[in-house]
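J.:
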Amino acid sequence: MKFLKDDFLLSNATAKKLFEKAKQLPIIDYHNHLDPKAIAEDRKITSIADLWVVSDPYKHRAMRIAGVEERKISGDASGEEKFEAWADVCVNSWGNPLFHWSAMELKSVFGVDEVLCKDNAKQIMDECNRIIAEKNLTTNSILRSWNIEALCTSDDLLDDVSVHTLATKNSGGFSVMPSLRADSIFAFQMPAFAKWFERLNAMHKVENLADYISALSSRLDAFESAKCKLADHSLDSGWSYIETDEEQASKIFEKALSNSADATELVMLKSYILHWLAVEYGKRGWVLQLHIGAERYTSSRLRALAGGAGGYATIGKACDITSLVRFIDSVEKCGSLGKIILYTLNPADNQALSVLTGSFSQDGVWGKLQFGPAWWYNDHLEGIKAHLKSLESFGLLSKFIGMTTDSRSILSFSRHEYFRRIICSHIGEMAERGEIPQDEDFLVKAVSDISYNNAKNWIF
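Residue 657 is where the sequence shown starts when you use my numbering, and the numbers rise one by one after that.
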């Protein structure tokens, strides 16, 4: 059965006209989890199963909910088995954004205009694999098809970010830049920290907190040389901030390295380092991204089976606004508060974070604090609409920096089209209700700024 029409999600005539303009705009994707090495190598695509199903935690989560055995999700089943298992779930995912995204991805990249289901799974898989082979599809040929101008990957502090220069050179027309994914820096209590710290220590001898800060600074220099403009920190469920001075933090750091620091002391140490980093980012002109409210530790069984990003995390507590404000204020007091993007996994935070965008301002700087796009479990039709409504009611939607994929899949750039259809419909409805001017230039500027111009001008 066919599904997608040209007016998909476009609720009125004004929206349809606006989307004709919006769909032509390039994409700035300032937060994703693509592998820069795959872009540098222009890695070949081998099959639709490997490309689309095998490594997608969004699909894996839905498959588990549907009762699919784990062997066909993260286990040793063949790619064909995993594709067919997903097909049986896909047709029943209506109402979930996966239903929309899957249809858009198949149609945009492979010209498949049928809803994937168990009955047509083999036919569609064979057709997609035929196209992959005949067109010799590669990582970069698919990325270029989305009209990408620039993308920023998420990279650990110790990653070799020189690969991004080669990735840009081999991309065939778009820029690839790193962004710092800084979680490892704070993971003192995690089993993987010891090996990570050994690698850092091999690069820069670390015996105390001062050495640690020096090593961090050196790695930030490496990121800056690779044209990094953003850093990303996850403030997971239960996060709090305690102002801590250097003397206190130095003593706690020694205890942390010997696994003898208690929970409160670790909060103090992390608070000190996060503050130092935020000040450093501000001095360098980087954007600080804060992803707030995930509860990542749910099923120990699934974590062991599927790894740390296996699709089983959930929504955590609402943001501790007092801690967040105390942290941002402490950085501003140092005179080095840079631009910040705030994301929340808990939609209960929408209004609070929308209002907070007006709490820290700077002369001549527009949108210094951004309420980032609807994130993770919120980037569906109603979640995006709720985000837009909150931001326009309590902040300035006109200054919003638009969508990003936050994905490991090169097919997920369809989410920019998904978002642009929604924003065109949203603004079109406002215009046709008489809430904003029914003026073409006014409306096209609004859609173009939110879809493309704001992100480009604000970040770069």
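Where a beta carbon is used, it is the ideal one built from N, C-alpha and C, also for glycine.
Measure the CB-CB distance between K995 and L946 and report whether it falls below 9 Å.
T.: By one-based count along the sequence shown, residue 995 stands at place 339. By one-based count along the sequence shown, residue 946 stands at place 290. No.
J.: Along the alpha helix (DSSP H) that carries S906, what are the first and last residues, could you check?
T.: Translated into positions along the sequence shown, residue 906 becomes position 250. That run of the alpha helix (DSSP H) goes 902 to 913.
J.: Between the beta-carbon of I684 and the beta-carbon of F1116, is there less than 9 Å?
T.: For the purposes of this step, residue 684 is taken as the residue at position 28 of the sequence shown. For the purposes of this step, residue 1116 is taken as the residue at position 460 of the sequence shown. Against a cut-off of 9 Å, the Cβ pair of F1116 and I684 comes out as a contact.
J.: Can you list, in chain order, the residues of its chain whose CB lies under 8 Å from that of N668, leaving out five sequence neighbours each side?
T.: Walking along the sequence shown from the start, residue 668 turns up at place 12. So the list reads S1081, G1084, E1085, E1088, once near-sequence residues are dropped.
J.: Note down the Cα distance separating K939 from K883, rounded to an integer number of angstroms.
T.: In the sequence shown, residue 939 corresponds to position 283, counting from 1. In the sequence shown, residue 883 corresponds to position 227, counting from 1. The straight-line gap from Cα to Cα measures roughly 15 Å.
J.: Straight-line CA distance for A843 to D892?
T.: Along the sequence shown, one-based indexing puts residue 843 at 187. Along the sequence shown, one-based indexing puts residue 892 at 236. Using only the alpha carbons, I get a separation of about 12 Å.
J.: Closest to P682 by C-alpha separation, out of P692, A696, S764, L807, would be which residue?
T.: On the sequence shown, position 26 is the one that residue 682 refers to. That would be L807, whose Cα lies nearest to the Cα of P682.
J.: Per DSSP, S831 forms a beta bridge with which residues?
T.: Position 175 of the sequence shown, counting from 1, holds the residue named residue 831. In the DSSP output, where bridge partners are listed per residue, S831 has A806.
J.: Is the Cβ-Cβ distance between C773 and A743 less than 9 Å?
T.: The sequence position of residue 773 within the sequence shown is 117, counting from 1. The sequence position of residue 743 within the sequence shown is 87, counting from 1. Yes, the pair counts as a contact, with Cβ atoms nearer than the cut-off.
J.: Between the Cα of S1046 and the Cα atoms of L1012, V943, P713, which residue gives the shortest distance?
T.: The residue you call residue 1046 lines up with position 390 of the sequence shown. Among L1012, V943, P713, the Cα nearest to that of S1046 belongs to L1012.
J.: Going straight from the alpha carbon of N1006 to that of P753, what length do you get?
T.: Taking the sequence shown and counting its residues from 1, one reaches residue 1006 at position 350. Taking the sequence shown and counting its residues from 1, one reaches residue 753 at position 97. Computed Cα separation, rounded: 20 Å.
J.: Let me confirm a value: R875 is counted as buried when at least 16 other C-beta atoms fall within 10 Å, else exposed. Which label applies?
T.: By 1-based counting over the sequence shown, the position of residue 875 is 219. Under this definition R875 is a buried residue.
J.: Tell me whether K926 is buried or exposed, calling it buried when 16 or more other Cβ atoms sit within 10 Å of its Cβ.
T.: As a first step, residue 926 must be located in the sequence shown, where it is residue number 270. Buried, by the Cβ-count rule.
J.: Contact between the stretch 687 to 704 and the stretch 809 to 816: three or more CB pairs below 8 Å?
T.: Because the criterion of three Cβ pairs below 8 Å is met, the stretch 687 to 704 and the stretch 809 to 816 touch.
J.: What residue does the alpha helix (DSSP H) around T920 start on, and which one ends it?
T.: Against the sequence shown, residue 920 aligns to sequence position 264. 919 to 940 is the extent of the alpha helix (DSSP H) around T920.
J.: If you compare alpha carbons, which of G1020, D775, T824 is closest to T795?
T.: Start at 1 with the first residue of the sequence shown, and residue 795 comes out as number 139. Closest option to T795, Cα to Cα, is T824.
J.: Can you find the residues in the same chain that come closer than 6 Å, C-beta to C-beta, to S955, ignoring five residues on each side of it along the sequence?
T.: As a first step, residue 955 must be located in the sequence shown, where it is residue number 299. Excluding sequence neighbours, S955 sits near Y968.
J.: Only counting the same chain, and skipping five residues up and downstream in sequence, which positions put a Cβ closer than 6 Å to that of E761?
T.: Start at 1 with the first residue of the sequence shown, and residue 761 comes out as number 105. Excluding positions up to five away in sequence, the list reads L1067, S1070.
J.: Quick one: what does DSSP say L946 is sitting in, helix, strand or coil?
T.: To locate residue 946, count along the sequence shown from 1; it is residue 290. Three-state DSSP puts L946 in a strand.
J.: For C874, which three-state DSSP category applies?
T.: Taking the first residue of the sequence shown as 1, we reach residue 874 at position 218. Correcting the residue type first, residue 874 is Ser in the shown sequence and not Cys. S874: helix per DSSP, three-state reduction.
J.: Which runs of the beta strand (DSSP E) fall wholly inside the stretch 844 to 896 and span at least 3 residues, in chain order?
T.: Whole beta strand (DSSP E) segments, 3+ residues: 886 to 891.
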